[in-house]
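Enquirer: In the order they appear, the protein sequences are chains L and V. So for the first sequence, UniProt numbering puts the first residue at 1; every next one is plus one. So for the second sequence, UniProt numbering puts the first residue at 1; every next one is plus one. All C-beta atoms in this analysis are idealised placements derived from N, C-alpha and C, irrespective of residue type, glycine included. Computed from a prediction, not measured in an experiment: that's the story for all the values here.
There are 2 protein chains.
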Amino acid sequence: MTNPTAAMLVIGDEILSGRTRDANMHHLAGELTKQGVDLKEVRVVSDEADAIVAAVKALSDAYDHVFTSGGIGPTHDDITADCIARAFGVGIDVRDDARALLERHYESTGLELNPARLRMARIPDGARLIDNPVSTAPGFTLGNVHVMAGVPLVFQAMVASVVPTLTGGAPLLSQTLRVNRGEGDIAAVLSQLAADFADLSIGCYPFQVNGAFGANVVVRGTDGGRIDAAVTRLAGELGL
Amino acid sequence: MTNPTAAMLVIGDEILSGRTRDANMHHLAGELTKQGVDLKEVRVVSDEADAIVAAVKALSDAYDHVFTSGGIGPTHDDITADCIARAFGVGIDVRDDARALLERHYESTGLELNPARLRMARIPDGARLIDNPVSTAPGFTLGNVHVMAGVPLVFQAMVASVVPTLTGGAPLLSQTLRVNRGEGDIAAVLSQLAADFADLSIGCYPFQVNGAFGANVVVRGTDGGRIDAAVTRLAGELGL
Numbered sequence: 001m002t003n004p005t006a007a008m009l010v011i012g013d014e015i016l017s018g019r020t021r022d023a024n025m026h027h028l029a030g031e032l033t034k035q036g037v038d039l040k041e042v043r044v045v046s047d048e049a050d051a052i053v054a055a056v057k058a059l060s061d062a063y064d065h066v067f068t069s070g071g072i073g074p075t076h077d078d079i080t081a082d083c084i085a086r087a088f089g090v091g092i093d094v095r096d097d098a099r100a101l102l103e104r105h106y107e108s109t110g111l112e113l114n115p116a117r118l119r120m121a122r123i124p125d126g127a128r129l130i131d132n133p134v135s136t137a138p139g140f141t142l143g144n145v146h147v148m149a150g151v152p153l154v155f156q157a158m159v160a161s162v163v164p165t166l167t168g169g170a171p172l173l174s175q176t177l178r179v180n181r182g183e184g185d186i187a188a189v190l191s192q193l194a195a196d197f198a199d200l201s202i203g204c205y206p207f208q209v210n211g212a213f214g215a216n217v218v219v220r221g222t223d224g225g226r227i228d229a230a231v232t233r234l235a236g237e238l239g240l
Numbered sequence: 001m002t003n004p005t006a007a008m009l010v011i012g013d014e015i016l017s018g019r020t021r022d023a024n025m026h027h028l029a030g031e032l033t034k035q036g037v038d039l040k041e042v043r044v045v046s047d048e049a050d051a052i053v054a055a056v057k058a059l060s061d062a063y064d065h066v067f068t069s070g071g072i073g074p075t076h077d078d079i080t081a082d083c084i085a086r087a088f089g090v091g092i093d094v095r096d097d098a099r100a101l102l103e104r105h106y107e108s109t110g111l112e113l114n115p116a117r118l119r120m121a122r123i124p125d126g127a128r129l130i131d132n133p134v135s136t137a138p139g140f141t142l143g144n145v146h147v148m149a150g151v152p153l154v155f156q157a158m159v160a161s162v163v164p165t166l167t168g169g170a171p172l173l174s175q176t177l178r179v180n181r182g183e184g185d186i187a188a189v190l191s192q193l194a195a196d197f198a199d200l201s202i203g204c205y206p207f208q209v210n211g212a213f214g215a216n217v218v219v220r221g222t223d224g225g226r227i228d229a230a231v232t233r234l235a236g237e238l239g240l
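(1) By Cβ distance, which residues of its chain are closer than 6 angstroms to Thr5(L), with the 5 residues on each side in sequence left out?
(2) Shorter than 8 angstroms from the beta carbon of His65(V) to some beta carbon of chain L?
(3) At which residue ranges does the stretch 88-160 of chain L contain complete beta strand (DSSP E) runs of 3 or more residues, listed in the order of the chain?
(4) Following the continuous alpha helix (DSSP H) through Ala33(V), name the residue where it begins and the one where it ends.
(5) According to DSSP, is Ile11(L) helix, strand or coil?
(6) Grab me the residues of Thr167(L)'s own chain with a C-beta within less than 8 angstroms of its C-beta, minus the 5 sequence neighbours each way, in chain order.
(7) Whole angstroms are fine: how far does the CA of Ala121(L) sit from the CA of Asp77(L)?
(8) Can the beta-carbon of Ala55(V) be found less than 8 angstroms from the beta-carbon of Leu9(V)?
(9) Kindly indicate which three-state DSSP category Ser173(V) falls into: helix, strand or coil?
(10) In chain order, which beta strand (DSSP E) runs of at least 3 residues are fully inside the stretch 29-88 of chain V?
(11) Measuring only the C-alpha atoms, how far is Val70(L) from Asn24(L)?
(12) Using 8 angstroms for Cβ pairs, my map puts Thr33(L) next to Ser46(V). What's the rounded Cβ distance?
(13) Please report the straight-line C-alpha distance between Ala58(L) and Leu59(V), rounded to a whole angstrom.
(14) Is Ser17(V) helix, strand or coil when you go by DSSP?
(15) Taking only the alpha-carbon atoms, compute the straight-line gap between Ala170(L) and Thr2(L) and give it to the nearest angstrom.
(16) Taking DSSP as the reference, what is the three-state secondary structure of Val225(V)?
(17) Kindly indicate which three-state DSSP category Gly182(V) falls into: helix, strand or coil?
(18) Only counting the same chain, and skipping five residues up and downstream in sequence, which positions put a Cβ closer than 8 angstroms to that of Val90(L)?
(19) Tell me, please, whether the stretch 175-183 of chain V touches the stretch 104-113 of chain V by the rule of three or more beta-carbon pairs shorter than 8 angstroms.
(20) How would you call Arg178(V), buried or exposed, if buried means at least 16 neighbouring beta carbons within 10 angstroms?
(21) My assumption, with CB atoms under 8 angstroms, is that Leu190(V) sits in contact with Gly221(V). Please give the rounded CB distance.
(22) Rounded to whole angstroms, how far is the Cβ of Ala7(L) from the Cβ of Val66(L), which I believe are closer than 8 angstroms?
(23) To the nearest angstrom, report how far apart Asp196(L) and Ala230(L) are at their CA atoms.
(24) Can you pull the chain L neighbours of Arg117(V), defined as C-beta to C-beta under 7 angstroms?
(25) Listed from N- to C-terminal order along the chain, which residues in the stretch 34-47 of chain L have their beta-carbon within a distance smaller than 9 angstroms of any beta-carbon of chain V?
(26) Ala188(V) by DSSP, collapsed to three states: which one?
(27) Output the boundary residues of the beta strand (DSSP E) element that contains Gly203(V).
(28) Out of Arg99(L), Asn210(L), Ser108(L), Pro133(L), which has the shortest C-alpha to C-alpha gap to Arg117(L)?
(29) Please state whether DSSP places Ala215(V) in a helix, a strand or coil.
(30) Please classify Thr232(L): does DSSP put it in a helix, a strand, or coil?
(31) Determine the direct distance from the alpha carbon of Gln192(L) to that of Ile72(V), and round the result to whole angstroms.
(32) Please tell me whether Ala81(L) and Val145(L) are closer than 8 angstroms, where the distance is taken between their beta carbons.
(33) Taking only beta-carbon positions, decide if Val53(V) is within less than 8 angstroms of chain L.
(34) Between Ile92(L) and chain V, is the shortest Cβ-Cβ distance under 8 angstroms, so that the two count as touching?
(35) Report the neighbours of Glu14(V) on chain L: residues whose CB is nearer than 8 angstroms to its CB, in chain order.
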């Protein structure tokens, strides 16, 4: 049995210009891994409708789930919802249930539900709302695309609403062995290990600390016993 | 005149699994922006040959420059160079100049230039080497694709070798106005501003600090005077 697959689409000029760092990819990756869903690809595109629509179509066709981050606020540059509707060829308008959520929220905060804020109730036809316990304006799921806010706190709350509902496969387990030798010294041993444990994924991630080379060897798979066996053999062969 | 465009391809299971955070995207984005090259897209794909080859082809066709990060070390999971050769339909083998670099380096460090390390001298036919002042093993440029290491220190050194040699357009300038009001309060003003300054890009990035909402309005463009004018008008309209 193979795990379901997922992709992430980050919408954000502010990341591509180097102004801010993306903070959501790492969080989503960790949560999907725990759920047994394999994140296979991430794309970051600019706030341009054609780029967003093309990426949504490509990723939605290629993977079981797509998660988007960013571009669902009240301002003129928040065009994600309209792009999702276009990608799926459906209409989009202010929806009563989403409007009701915003009305209650703004009544309680004393802020005005002005036309800009009402844009956040624009939901593509046929979508399911995603709960936003942080700031109310909902995300939504249309087809296999889950549309979420870019603000990390809100993104994380929406991930917490959606990811546990997905049918996952076996969670990906991993063990890491830290080796204080250069990658080149252990490459032959790793290569043989990877051949003998073809059911596991064996990655080697070099680092440098105070001028000394080392590497983290990460053994991943769904069978904890096999991972133990591989790590034990590796540690023995490297004299650790 | 429009600026040249670029894309980045991050090769790394360790990022998609949530084990590590990508650290190179933010650095490259900032350096390209300074150089007047517009980073339009980033993709993160897993260490699978088909995924890497497909992404290299797509990005190389769509953008003026492509920068890859990761997968050029000595271990079995370092397959980027072979994938680049496949994407361009050229051969790949150990090359004398790259081998000479490694020989000098390993002689001076006393480490053995074993078959695994020699893999790092495998360079696709027709490529130009990229200097690696940190750990010697070179990157390379083939066509419009610049192939770089994933280790941040090495990646940054390679970026410093390549990016200043690119013909850039006008550097992208920006000013940020921090507004202590919710996005929804300022959306109408921003929308009118974006319409009146169509030559600029005006982004609104909400934040939450201690429960209070605010937004950074970022005005970007290549004409500093126009950016000044837009920010001055916005500050006036918001009473700042």
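Expert: Put simply:
(1) Hits under 6 angstroms: Asp38, Lys40, Tyr63, Asp64.
(2) Using a CB distance cut-off of 8 angstroms, His65(V) does not count as an interface residue toward chain L.
(3) DSSP runs (the beta strand (DSSP E)) wholly in the stretch 88-160 of chain L: 92-94, 122-124, 128-130, 139-142, 145-148.
(4) The sequence shown places Thr at residue 33(V), rather than the Ala named in the question. From DSSP, the alpha helix (DSSP H) with Thr33(V) extends over 24-35.
(5) The DSSP-derived three-state label of Ile11(L) is strand.
(6) Within the same chain, and ignoring the five residues on either side of Thr167(L) in sequence, the residues whose Cβ sits closer than 8 angstroms to its Cβ are Pro4.
(7) Taking C-alpha positions only, Asp77(L) is separated from Ala121(L) by approximately 16 angstroms.
(8) Between Ala55(V) and Leu9(V), the gap from beta carbon to beta carbon is short of 8 angstroms.
(9) The displayed chain sequence assigns Leu, not Ser, to residue 173(V). Judged by DSSP in its simplified three-state form, Leu173(V) adopts strand.
(10) As far as the stretch 29-88 of chain V is concerned, its whole beta strand (DSSP E) runs of at least 3 residues are 38-45, 65-69.
(11) Correcting the residue identity first, residue 70(L) is Gly in this sequence and not Val. Taking the Cα positions, Gly70(L) is about 10 angstroms away from Asn24(L).
(12) Wrong, their Cβ atoms sit about 13 angstroms apart, outside the cutoff.
(13) Between Ala58(L) and Leu59(V), the C-alpha separation is close to 14 angstroms.
(14) It is coil, neither helix nor strand.
(15) Straight-line Cα distance between these residues: approximately 8 angstroms.
(16) It is Gly, not Val, that sits at residue 225(V) in the sequence shown. If DSSP states are grouped into helix, strand and coil, Gly225(V) belongs with the helices.
(17) Three-state DSSP puts Gly182(V) in coil, outside helix and strand.
(18) Contacts found: Pro124, Asp125, Gly126, Leu142.
(19) No: fewer than three Cβ pairs fall under 8 angstroms.
(20) Per the 10 Å Cβ criterion, exposed.
(21) About 15 angstroms; that fails the 8 angstroms criterion.
(22) Contact holds; Cβ gap of about 5 angstroms.
(23) Straight through space, the alpha carbons of Ala230(L) and Asp196(L) are spaced by roughly 9 angstroms.
(24) Those within 7 angstroms of Arg117(V) in chain L are Gly184.
(25) Near chain V, meaning a CB-to-CB distance below 9 angstroms, the residues of the stretch 34-47 of chain L are Lys34, Asp38, Leu39, Lys40, Glu41, Val42, Arg43, Val44, Val45, Ser46, Asp47.
(26) In the structure shown, Ala188(V) sits in a helix (DSSP, three-state: H, G or I).
(27) For Gly203(V), the enclosing beta strand (DSSP E) covers residues 201-209.
(28) The shortest CA-to-CA distance from Arg117(L) to any of Arg99(L), Asn210(L), Ser108(L), Pro133(L) is the one to Arg99(L).
(29) Correct three-state label for Ala215(V): strand.
(30) Helix at Thr232(L).
(31) Looking at the two C-alpha atoms, the distance is approximately 19 angstroms.
(32) Between Ala81(L) and Val145(L), the C-beta spacing is not below 8 angstroms.
(33) So no, Val53(V) is outside the interface.
(34) Not one chain V Cβ lies under 8 angstroms of Ile92(L).
(35) Contact note: Glu14(V) reaches chain L through Gly203, Tyr205, Val218, using a C-beta cutoff of 8 angstroms and chain order.
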